[in-house]
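Chemist: Provided herewith is a single structure, encoded as structure tokens, for subsequent inquiry.
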Amino acid sequence: MLLKYLSKPEQELFLELCNFAANIDNDYSEQEKNYIQEYRQEMALDENAYTIKRLEYDEIVKKILEISTPESIRRIIIELIALLKSDGILHSQENNLIAKLQEDFKLSSDILKEIYESLENLENAYAKIFAIVNGN
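The opening position of the sequence shown corresponds to residue 73 in the working numbering, with each subsequent residue numbered one higher.
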């Protein structure tokens with residue numbers, strides 16, 4: 073939803089960060105795979121357009137900080153948290169990663185709280201819409 077507003081280099085770094093994050097708990101779930109495929113479709117970056125290089129965390133963050141605006145960083149963190157929440161479980165490694173990103177990207181606790189609340193509201197809205205569609 074927000075990824076189309078990122079530059080191509082930002083989108084590629086976002087995919088690298090997603091790959092790193094999805095594998096951090098050694099549980100690359102089907103939901104996470106599906107989210108990453110949806111992200112690729114949104115950004116028009118299929119496997120032929122961009123192959124994951126498996127960059128290290130520090131390199132990904134350094135490059136994001138070099139090229140991204142605060143708005144782009146917030147877009148990245150929102151979509152990344154949505155990815156990590158997609159399997160219904162935020163593992164301790166994933167929580168630690170989010171805390172590290174919060175520190176590295178200099179995001180306030182208030183903005184992170186607002187992101188979590190907004191994503192929860194969005195999930196609830198989608199659940200209601202699907203219930204209506206399904207006649208429940």
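Even glycine gets a Cβ: it sits at the ideal position worked out from N, Cα and C.
(1) Please report the residue range of the alpha helix (DSSP H) in which Arg-126 lies.
(2) Let me know the secondary structure DSSP gives Ile-96 once reduced to three states.
(3) Would you kindly work out how many angstroms separate the C-alpha atoms of Leu-89 and Tyr-198, rounded to a whole number?
(4) For Met-73, which of helix, strand or coil comes out of DSSP?
(5) I need the straight-line Cα distance from Lys-80 to Thr-123, nearest angstrom please.
(6) If you check the beta carbons only, do Phe-156 and Ala-203 fall under 7 Å apart?
(7) Nearest to Lys-76 by alpha carbon, out of Asn-167, Glu-189 and Glu-151?
(8) From Glu-82 to Gln-103, what does the alpha carbon distance come to, in whole angstroms?
Modeler: Taking the structure as given:
(1) Numbered from 1 along the sequence shown, position 54 holds the residue referred to as residue 126. It is not in any alpha helix (DSSP H) - Arg-126 carries neither H nor E in the DSSP assignment.
(2) Residue 96 sits at position 24 when you count from the first residue of the sequence shown. Reduced to three states, the DSSP call for Ile-96 is coil.
(3) Residue 89 sits at position 17 when you count from the first residue of the sequence shown. Residue 198 sits at position 126 when you count from the first residue of the sequence shown. Taking the straight line from one Cα to the other gives about 26 Å.
(4) For the purposes of this step, residue 73 is taken as residue 1 along the sequence shown, with counting starting at 1. In the structure shown, Met-73 sits in coil (DSSP, three-state: anything other than H, G, I, E or B).
(5) Mapped onto the sequence shown, residue 80 falls at position 8. Mapped onto the sequence shown, residue 123 falls at position 51. Cα to Cα, Lys-80 sits roughly 13 Å from Thr-123.
(6) By 1-based counting over the sequence shown, the position of residue 156 is 84. By 1-based counting over the sequence shown, the position of residue 203 is 131. Contrary to the premise, residue 156 reads as Leu rather than Phe in this sequence. Result no, Cβ atoms of Leu-156 and Ala-203 do not sit closer than 7 Å.
(7) Taking the first residue of the sequence shown as 1, we reach residue 76 at position 4. Selection Asn-167, Glu-189 and Glu-151 evaluated against Lys-76 yields Glu-151 as nearest (Cα-Cα).
(8) Translated into positions along the sequence shown, residue 82 becomes position 10. Translated into positions along the sequence shown, residue 103 becomes position 31. Each residue's Cα considered, the two are about 23 Å apart.
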